[in-house]
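Worksheet: the structure to be examined is printed underneath.
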Amino acid sequence: MEISAKLVKELRDKTDAGIMECKGALKEASGDIEQAIEILRKKGLSKAGKKGDRVASEGVIAMKIAPDFKKATLIELNSETDFVAKNDGFKDLVNKTLDLVFENAIDDVSKLASLKIEGMSYEEYLKSKIATIGENIVVRRLRTFTCSADEIVNGYVHHNFKLGALIKIQSPKANELVEVAKGVAMHAATMKPSYLCPKCVSDEVIAKETEIAKELLAKEGKPESMWDKILPGKIAKFYEEVTLLKQKYILDDKKSIEAFVNDSAKALQTTASIVDFVRFELGEGIEKKVDNFAEEVAAQMK
0 MEISAKLVKE LRDKTDAGIM ECKGALKEAS GDIEQAIEIL RKKGLSKAGK
50 KGDRVASEGV IAMKIAPDFK KATLIELNSE TDFVAKNDGF KDLVNKTLDL
100 VFENAIDDVS KLASLKIEGM SYEEYLKSKI ATIGENIVVR RLRTFTCSAD
150 EIVNGYVHHN FKLGALIKIQ SPKANELVEV AKGVAMHAAT MKPSYLCPKC
200 VSDEVIAKET EIAKELLAKE GKPESMWDKI LPGKIAKFYE EVTLLKQKYI
250 LDDKKSIEAF VNDSAKALQT TASIVDFVRF ELGEGIEKKV DNFAEEVAAQ
300 MK
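Just so we're aligned, residue 0 is where the sequence shown starts under numbering that gives the first Met the number 0, counting upward by one.
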C-alpha cells in the first residue's frame with residue numbers, strides 16, 4: 000500500500016525513529032500506527048515508545064493548593080501562540096479559571112462549561128475572552144484532589160509553566176509530610192511516570208512488554224533457554240521506568256520513590272504511602288505544525 004508523508008510524520012513524532020524506518024514499519028503494519036510503533040520497538044528503533052507523543056502546544060500548566068494542603072487543583076489551558084500565553088488577558092483567564100475549578104472541586108472538563116462566573120456560564124465567559132484575546136483557547140484538562148483527615152496533597156509547577164504534578168500522601172502524620180509530597184511532585188513532573196505502582200499496570204501492557212523483550216532477546220542472539228531468567232529483570236526495569244513508586248528519586252538515585260517516602264515516614268516514627276498522583280505536560284499529545292516537514296519526508300521517500 001502507499002504510505003503517505005503525513006502518516007510517516009505522525010509515526011516519527013511518536014517514536015523519534017528515522018523517516019525510512021517509519022516508512023518501512025508502516026508498510027509492514029499495512030498503515031496501522033499502533034502496530035508500526037510496536038514493530039519499531041521490537042527492532043529497538045523507537046526512542047519514545049513509552050513516553051507518548053513528543054509534540055507540544057502553547058499555553059500554561061497552573062496549580063492552586065489550599066493553605067492546609069487538603070485540596071489542590073492542576074489545570075492545562077492551551078493557546079495558539081506563546082505570545083498570547085504571556086499576555087496579561089490570558090493570565091487573568093488562567094487565574095479565574097483555576098479559582099473556579101478549585102472552588103467547585105471539579106474533576107472533569109465537561110462540568111466546567113455550565114459553572115457561573117461573572118454573571119454568565121463559563122462557556123459564554125470563555126467565548127468572550129477568545130473574542131477579546133483573538134486566539135482559540137482551550138481548557139484541555141484539569142484535576143482536583145481533596146483529602147481526608149489523614150491525607151495531604153502538595154504539588155509542583157516548573158518555572159516555565161510547562162510541567163506540573165500533584166501528589167497525595169496518606170499517613171497518621173500526613174501534615175508533617177508536606178515537603179516530602181512537594182519533593183515527589185517535582186520528581187514526577189520531571190521523570191514522567193505513567194503509573195503509580197506495578198499493580199496499576201495492566202496485564203495487557205505487561206504481556207506486550209514481555210513480547211517486545213523477547214523480540215529484542217532474539218535479535219541479540221540470546222538462547223531461548225535463558226529467557227526465563229532474563230525476562231523478570233527486563234520487566235522490573237520497565238517498572239522502574241514507568242511507575243512512580245519504583246522510579247529512582249531524582250534527588251537521591253540510591254533510593255526509589257517508595258523508599259524515600261518510607262524513610263521519611265520512619266524518621267517521624269510513622270508510616271506513609273502515596274495514594275494518588277497526576278502529572279500534566281503542556282501540549283502532550285497535541286499535534287503541532289512543523290513547517291516544511293512534509294516536504295522533507297516527501298523528498299526522502301522518493
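No residue lacks a Cβ here, since even glycine has one placed at the ideal position from N, Cα and C.
Legend entry - Sequence-distant residues of its chain with Cβ nearer than 7 Å to D149 (five each side left out): Result list for D149: Q169, S170, P171 and A173, in chain order.
Legend entry - K191 versus K13 - alpha carbon distance: Note on geometry: alpha-carbon atoms of K191 and K13 lie some 15 Å from one another.
Inset, instruction - Give a yes or no on contact between the region 246-266 and the region 211-219, applying the rule of three or more CB pairs nearer than 8 Å. - result: Pairwise C-beta distances place the region 246-266 out of contact with the region 211-219, as fewer than three of them are shorter than 8 Å.
Inset, instruction - In angstroms with no decimal places, state the Cα-to-Cα distance between K333 and L92. - result: Outside the shown range of the chain, which is 0 to 301, sits residue 333, and nothing can be said about it.
Inset, instruction - From the DSSP output, read off the bridge partner residues of I285. - result: Bridge pairing for I285: absent [DSSP].
Inset, instruction - Tell me, to the nearest whole angstrom, how far the beta carbon of F68 is from that of I151; I am working on the premise that it is less than 8 Å. - result: Between the beta-carbon of F68 and that of I151 there is about 4 Å, and that keeps the pair under the 8 Å contact cut.
Legend entry - Terminal residues of the alpha helix (DSSP H) in which S109 lies: Counting along the chain, S109 falls outside any alpha helix (DSSP H), and DSSP gives it neither H nor E.
Legend entry - Segment contact flag, the region 262-274 with the region 218-237, C-beta cutoff 8 Å, min 3 pairs: Contact fails: fewer than three Cβ-Cβ distances are below 8 Å.
Legend entry - Contact set for N94: own chain, Cβ-Cβ below 8 Å, skip 5 residues either direction: Cβ neighbours of N94 beyond the five flanking positions: A61.
Inset, instruction - May I ask which residues mark the beginning and end of the beta strand (DSSP E) holding N135? - result: DSSP places N135 in no beta strand (DSSP E); its state is neither H nor E.
Legend entry - E9 versus L243, I36 and G133, residue with shortest Cα-Cα distance: The option with the nearest alpha carbon to E9 is I36.
Inset, instruction - State the Cα-Cα distance for the pair K22 and L6, rounded to the nearest angstrom. - result: For K22 and L6, the distance between alpha carbons rounds to 8 Å.
Inset, instruction - Would you check if the region 212-227 and the region 155-167 touch, i.e. whether three or more CB-CB distances between them fall below 8 Å? - result: Contact fails: fewer than three Cβ-Cβ distances are below 8 Å.
Inset, instruction - Determine the burial state of T189: buried for a count of at least 16 other Cβ atoms within 10 Å of its Cβ, exposed for fewer. - result: Within 10 angstroms of the beta-carbon of T189 lie fewer than 16 other beta-carbons, which makes it exposed.
Legend entry - With 16 other Cβ atoms within 10 Å as the buried cut-off, status of G51: Low confidence applies to G51: its pLDDT is 30, below 50, so where it sits in the model is not reliable enough to give any reading.
Legend entry - Coarse secondary structure for I105, derived from DSSP in three states: In the structure shown, I105 falls within a coil segment according to DSSP collapsed to helix, strand and coil.
Legend entry - Member of A206, L244, G220 and K90 whose CA lies at the smallest distance from the CA of P231: For P231, the nearest C-alpha among the options comes from A206.
Legend entry - Beta-carbon proximity list for F259, same chain, < 7 Å, skipping 5 on both sides: Apart from the 5 residues on each side of it in sequence, F259 sits with its Cβ closer than 7 Å to the Cβ of Y248 and D251 in its chain, given in chain order.
Inset, instruction - Tell me F68's beta-bridge partners as DSSP assigns them. - result: Note: F68 sits in no beta bridge, so no partner.
Inset, instruction - Sort A104, K41, I74 and D275 by Cα distance to C90 and report the nearest one. - result: It should be noted that the sequence gives Lys, not Cys, for residue 90. The option with the nearest alpha carbon to K90 is I74.
Inset, instruction - With a threshold of 16 other CB atoms inside 10 Å of the CB of N135, please say whether the residue is buried or exposed. - result: Exposed, by the Cβ-count rule.
Inset, instruction - Can you give me the Cβ contacts of A28 inside the same chain, cut-off strictly under 7 Å, excluding the 5 residues immediately before and after it? - result: If we look at A28 and ignore the five residues flanking it on each side, its Cβ neighbours are Q34, A35 and I38.
Inset, instruction - Would you grab the beta carbon distance between V138 and V108 for me? Rounded to a whole angstrom, and I think it's under 8 Å. - result: About 6 Å separates the CB atoms of V138 and V108; that is less than 8 Å, so the two are in contact.
Legend entry - Coarse secondary structure for S224, derived from DSSP in three states: It is helical.
Inset, instruction - Would you tell me roughly how many angstroms separate the C-alpha atoms of G303 and E219, rounded to the nearest one? - result: The question about residue 303 has no answer, for the chain in this structure spans 0 to 301.
Inset, instruction - Identify which residue in F160, D106, T145 and K26 has its Cα closest to the Cα of S56. - result: That would be F160, whose Cα lies nearest to the Cα of S56.
Inset, instruction - Enumerate in chain order the residues of its own chain whose CB-to-CB distance from K233 is below 7 Å, with the five nearest sequence positions on each side excluded. - result: Answer for K233: A212, listed in chain order.
Inset, instruction - Give me whichever residues DSSP pairs with R278 in a beta bridge. - result: Answer by DSSP bridge pairing, in chain order: A164.
Inset, instruction - Look up G154 in the DSSP assignment and say whether it is helix, strand or coil. - result: The answer is strand: DSSP assigns G154 an E or B state.
Inset, instruction - Quick one: using the 10 Å Cβ neighbour count with 16 as the cut-off for buried, is H158 buried or exposed? - result: Exposed is the call here.
Legend entry - Alpha carbon of S3 to alpha carbon of G282, nearest angstrom: One Cα belongs to S3, the other to G282, and the distance between them is close to 25 Å.
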